[in-house]
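Protein chains: 2
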Amino acid sequence: MQTTNIGIIGFGTVGSGTVRIILENSDLIKERTGIKLNIKGIADLDIKTDRGIKLPKGTLVSDANKLIEDPEIDIIIELIGGTGPAKDLILAAIDKGKHVVTANKALLATDGNELFSAAQTKGVYLGFEASVAGGIPIIKVLKEGLSANRILSVYGIINGTSNYILTRMSEEKVDFDAALKEAQELGYAEADPTFDIEGIDTAHKLALISSLVYGIPLSYEKIYCEGISKISTLDIEFAAELGYKIKLLAITKISDGDVEMRVHPTMVPVNYMIAKVDGVFNAIYVEGDAVGETLYYGRGAGDMPTGSAVVSDIIDIAMKKGSSYHDPLRPYGNARIKSIDDIESNYYFRFTALDKPGVLSRVSGILGSHGISIASVIQKGRREGEAVPLVVLTHKSRESNVKKAISEIDGLDVVSGSSVVMRVEGDED
Amino acid sequence: MQTTNIGIIGFGTVGSGTVRIILENSDLIKERTGIKLNIKGIADLDIKTDRGIKLPKGTLVSDANKLIEDPEIDIIIELIGGTGPAKDLILAAIDKGKHVVTANKALLATDGNELFSAAQTKGVYLGFEASVAGGIPIIKVLKEGLSANRILSVYGIINGTSNYILTRMSEEKVDFDAALKEAQELGYAEADPTFDIEGIDTAHKLALISSLVYGIPLSYEKIYCEGISKISTLDIEFAAELGYKIKLLAITKISDGDVEMRVHPTMVPVNYMIAKVDGVFNAIYVEGDAVGETLYYGRGAGDMPTGSAVVSDIIDIAMKKGSSYHDPLRPYGNARIKSIDDIESNYYFRFTALDKPGVLSRVSGILGSHGISIASVIQKGRREGEAVPLVVLTHKSRESNVKKAISEIDGLDVVSGSSVVMRVEGDED
């Protein structure tokens, strides 16, 4: 019987879930793996709040360094989150030769190259399954399960808050503000929801995915990122009419040898599996050259789902202690990252057309002059003197051309306000 | 750079896919893992057919033992399938201290206890990712990804042929025979389709899943198994009317501390993710006590998807050579296996009611006398003198009671023929 001693830093939501899982399932884990997980210490600034978990006296301490300095602790679990003290704590743990498990996507996205490199130098493992898509073991799937594949593309719904809001807007026809308020009341969205609704959290996770599947250094700062706060129910309705759902997708794929990395609201055909992922659930679609299309679905957040991922990392490390691991993010690829201007996609445009003659001909003329070919148009019954929406779906077009065309169209006297532009997935042509 | 020498036995569909992946992606795999996969030899009785793959001279041999005896070969890949010579070849390879990777679910389901035990005795690894759900890395997910969880239930669509047939019956309103014929023409079903359509292949895979998640010895012979060959379009239509799809599910779960293992057509609410899995695709829904609901989706068969799983096992073994593995099927649990008679489920019945007075009252009387409570009834417009379908959905009932009730009802003079019984998933009460 091998005992693995764990030190947990951060006794909040995920920390509590992790502790609960270890306490409740340690016998089962021992039977399955032969390893006894022992929580040697838990550090949190707040050592007073009752989390409803019974711990041996002295387990809970206020100084994280006590755990990092403890020579008996094999693995440090960092669950305080954020880009502040978490980094120093992880680096200190690595420096002491300890393996580290973290759920901290924000930190890894911005400082991961330094952290993974430090872990490699010290020969320790930095587990981060919990940092992407909560309970879905997507990191293991990408790193090990699909290790034989050249990954062609990954499309992920990896922020439950945004997906919940979009689902409510679509199903209940409520607007963004109402859906956000509901999400906040239910505890799905934070008081300051910026990270979730502006796609930042999604981009943090995408940086990790891209780096993993394409072997490139973490490049969070190069991700094109657009959130859902400007999505209107009108566009959701037009999308539905055209056979699409609007989802906030994290997209990474290889095109012309370059890596695309982008986060934006996307129109997805309703019959795609990923379009069927509703509410707070996450899903990641992965296409490999050998395996073809696959999809992984589950909860992306929460104490127990995220704890499940943390503990699976702990077990992995414990079982392979002293042997070679599947390497963490060790860049080998040298693919360029494609600028958003250079991507090609189908597009949805919604123009607000004034009631003047020749609108469609002028709009389509400008699109045509930029090489943008129209696939379909919806122009709803006009009412004298009022602005009406003019919706256009395009064939595959280049983003830079789209930008130019839209800017020209927005300057026309027959359209008012800013036009809506959304990228559309589906059979490309 | 570590080179891993591989010997492949069986150069058919999966063998060709495996070889192709290794040849095409070996550089990528080397970059990712530091391991060079080298195909030292391929054995097949047919060494003449051109598979369109260029191999160094002397690679292809007709005698599998040549590979097993080769001291330079680290891993033997068994891809001939079936329960004949495959077993002896695997045992011989294990005996020589070689790791083995196989896609042979039929053999593992029936002889797996002996094979895994032999592998354990010899300290070698017996990889079987490719034997369940083709390209979906479900074995890794269950064994490692969800290792922190007590698994509450697994529901799988793990036979693409059956799912294709059911999808066609549902979408095109063709009957079973026509859908089967189409599947055969497309190469999705074999000339003798028994294993696929009668649920045997599904049960082979379920045996592996159950053993893995509940730590019990492989118990294929204890699986209740019912295929799809008796499904009629009429039942598919009634299911749709009631808000369900009919899917051939492999089910294993813990109820009252016992393990259920069953394969049968099941009515699944259309809004469940697994109900949305159509065509030849596979999906496995897994519910863990910590992670909650998860689902894994992809192709369950084919040269490249299955090859993807084979090669991921090879890479796993190569990367961990000389270290401890996540144990293969090492039974630790002692849960009883529940008889089908003791399960509880909601049920769908379709009776063929003759045009006589009091049918519903007599049928419902018998159901009531066996403690079976009716949730809803559909009785369509009767036509004078003709038999009409009478459809009943029940609340949660015990299978043994259902059997008794149906047998009594089938004896009534007001019903004709045998009644249709199907288990129904959904919110239980």
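First to last, the protein sequences are chains A and R.
So that you can map any letter, position 88 of the first sequence is 68 in the numbering used here, and since no number is skipped, the others follow by simple counting.
So that you can map any letter, position 52 of the second sequence is 32 in the numbering used here, and since no number is skipped, the others follow by simple counting.
We treat Cβ as the ideally placed atom computed from N, Cα and C, and that holds for glycine.
Predicted model, so just to flag it, every value in this text is computed and none were measured.
Using only CA atoms, which one of the options lies nearest to residue i?
i, options, result
"Ile119/A", "Val290/A, Phe331/A, Thr332/A and Thr374/A", "Val290/A"
"Gly179/A", "Leu40/A, Ala219/A, Ile137/A and Ala220/A", "Ile137/A"
"Phe218/A", "Glu52/A, Val248/A and Glu267/A", "Val248/A"
"Ala315/R", "Ser191/R, Asp293/R, Glu206/R and Met299/R", "Ser191/R"
"Ser199/A", "His184/A, Asn5/A, His375/A and Thr246/A", "His184/A"
"Met402/A", "Ser6/A, Ala66/A, Glu379/A and Glu109/A", "Glu379/A"
"Pro311/A", "Ala270/R, Glu4/R, Tyr265/R and Glu11/R", "Glu11/R"
"Leu59/R", "Glu94/R, Gly103/R and Phe108/R", "Phe108/R"
"Glu4/A", "Asn18/A, Ser235/A, Thr(-7)/A and Asp30/A", "Asn18/A"
"Val80/A", "Thr90/A, Leu95/A and Asp91/A", "Leu95/A"
"Leu126/R", "Pro36/A, Thr13/A and Ala128/A", "Thr13/A"
"Lys102/A", "Glu201/A, Lys123/A and Ile70/A", "Ile70/A"
"Ala333/R", "Leu392/R, Ile352/R, Lys384/R and Met299/R", "Leu392/R"
"Ile145/R", "Phe261/R, Lys360/R and Thr232/R", "Phe261/R"
Leaving out the 5 sequence neighbours to the left and right, which residues in its chain are closer than 7 Å to residue i when beta-carbon positions are compared?
i, result
"Ile216/R", "Met149, Ser150 and Ile226"
"Thr213/A", "Met149, Lys153 and Asp155"
"Gly406/A", "Pro249 and Asn326"
"Arg31/R", "Phe(-9) and Ser(-4)"
Following the continuous beta strand (DSSP E) through residue i, name the residue where it begins and the one where it ends.
i, result
"Asp222/R", "The question names Asp, but residue 222/R in the sequence shown is Leu. Premise fails: Leu222/R is in no beta strand (DSSP E) and is neither H nor E."
"Asp238/R", "Asp238 to Pro249"
"Asn84/R", "That residue, Asn84/R, is in no beta strand (DSSP E); it is neither H nor E in DSSP."
"Leu373/R", "Val368 to Thr374"
"Phe329/R", "Glu324 to Ala333"
"Tyr135/R", "Ile131 to Ile137"
"Glu58/A", "Ile55 to Glu58"
"Gly21/R", "Ile15 to Ala23"
"Ser356/R", "Ile354 to Gln359"
So residue i contacts chain R; which residues on that side make the cut at Cβ distance below 8 Å?
i, result
"Arg330/A", "None at all; the shortest Cβ gap to chain R is about 29 Å."
"Ser292/A", "Glu124, Gly125, Leu126, Ser127 and Ala128"
"Thr232/A", "Correct list: empty, because the minimum Cβ distance to chain R is about 16 Å."
"Lys256/A", "Met253 and Lys256"
"Tyr312/A", "Glu11 and Arg12"
Give the residues of chain A in contact with residue i, contact being defined as C-beta atoms less than 9 Å apart.
i, result
"Asn93/R", "None at all; the shortest Cβ gap to chain A is about 18 Å."
"Ile352/R", "Under the 9 Å cutoff, chain A gives no residues; its nearest Cβ is about 34 Å from Ile352/R."
"Ile1/R", "Ala128, Asn129, Asp269 and Ala270"
"Arg279/R", "Val271, Gly272, Glu273 and Thr274"
"Gly(-5)/R", "What Gly(-5)/R touches in chain A: nothing, since even the nearest Cβ is about 14 Å away."
Can you give me the start and stop residues for the alpha helix (DSSP H) that residue i sits inside?
i, result
"Glu267/R", "Careful: Glu267/R lies outside any alpha helix (DSSP H), inside the beta strand (DSSP E) at Phe261 to Gly268."
"Glu273/R", "Element bounds for Glu273/R: not the alpha helix (DSSP H) but the beta strand (DSSP E), Gly272 to Arg279."
"Ile402/A", "According to the sequence as given, residue 402/A is Met; it is not Ile. First-last for Met402/A: Val400 to Val404, but that is the beta strand (DSSP E), not the alpha helix (DSSP H)."
"Thr286/R", "Asp283 to Met299"
"Thr141/R", "Gly140 to Glu152"
"Asn(-15)/R", "Note, Asn(-15)/R: premise wrong, no alpha helix (DSSP H); beta strand (DSSP E) at Gln(-18) to Ile(-11)."
Assuming the contact rule is C-beta atoms closer than 8 Å, residue i and residue j should be a hit. Round their C-beta distance to whole Å, please.
i, j, result
"Ile297/A", "Ile(-12)/A", "Contact doesn't hold; Cβ gap of about 14 Å is too wide."
"Ala99/R", "Leu106/R", "4 Å"
"Ala44/R", "Ala83/R", "That belief does not hold up - the Cβ atoms of Ala44/R and Ala83/R are roughly 16 Å apart, past 8 Å."
"Thr413/R", "Thr90/R", "An answer regarding residue 413/R cannot be provided, because it is not within the stretch -19 to 409 covered by chain R."
"Met284/A", "Ile1/A", "7 Å"
"Leu122/R", "Asp269/R", "Contact doesn't hold; Cβ gap of about 14 Å is too wide."
"Ala230/R", "Ile189/R", "7 Å"
Tell me which residues share the same chain as residue i and place their Cβ nearer than 8 Å to its Cβ, disregarding the 5 neighbours each side in the sequence.
i, result
"Glu366/R", "Asp335"
"Thr147/R", "Asp258 and Gly259"
"Pro173/R", "Thr141, Leu160, Ala163 and Gln164"
"Lys202/A", "Met241 and Ile317"
"Ser398/A", "Asp390"
By the criterion of Cβ-Cβ separation under 8 Å, what are the contact partners of residue i in chain A?
i, result
"Ser288/R", "Leu126, Ala128, Asn129, Gly268, Ala270 and Val271"
"Pro285/R", "Ala270, Val271 and Gly272"
Near residue i, which residues of its chain fall below 6 Å by C-beta distance, leaving aside the five closest residues on each side in sequence?
i, result
"Ala281/R", "Gly114 and Gly140"
"Ile358/A", "Val371"
"Ala73/A", "Ile48, Ile56 and Val80"
"Leu40/R", "Ile22 and Ile27"
Which residues in chain A have a C-beta closer than 7 Å to the C-beta of residue i? List them in chain order.
i, result
"Pro117/R", "Val121, Gly125 and Leu126"
"Gly338/R", "Neighbours of Gly338/R on chain A: none; closest Cβ ~44 Å, over 7 Å."
"Tyr224/R", "Here the premise fails: no neighbours, minimum Cβ distance about 16 Å."
"Gly62/R", "Ordered by position in chain A, no residue passes the 7 Å Cβ test against Gly62/R, which lies about 24 Å from the chain."
Taking residue i as the query, report the chain R residues whose CB atoms sit under 7 Å from its CB, ordered along the chain.
i, result
"Lys161/A", "Simply none; closest approach about 25 Å."
Taking residue i as the query, report the chain R residues whose CB atoms sit under 9 Å from its CB, ordered along the chain.
i, result
"Ile195/A", "The sequence given here has Gly at residue 195/A, not Ile. Simply Leu8, Glu11 and Arg12."
**Prompt:** Along the region 9 to 20 of chain A, what residues have a CB closer than 8 Å to any CB found in chain C?
**Reply:** No chain C is present in this structure, whose protein chains are A and R.
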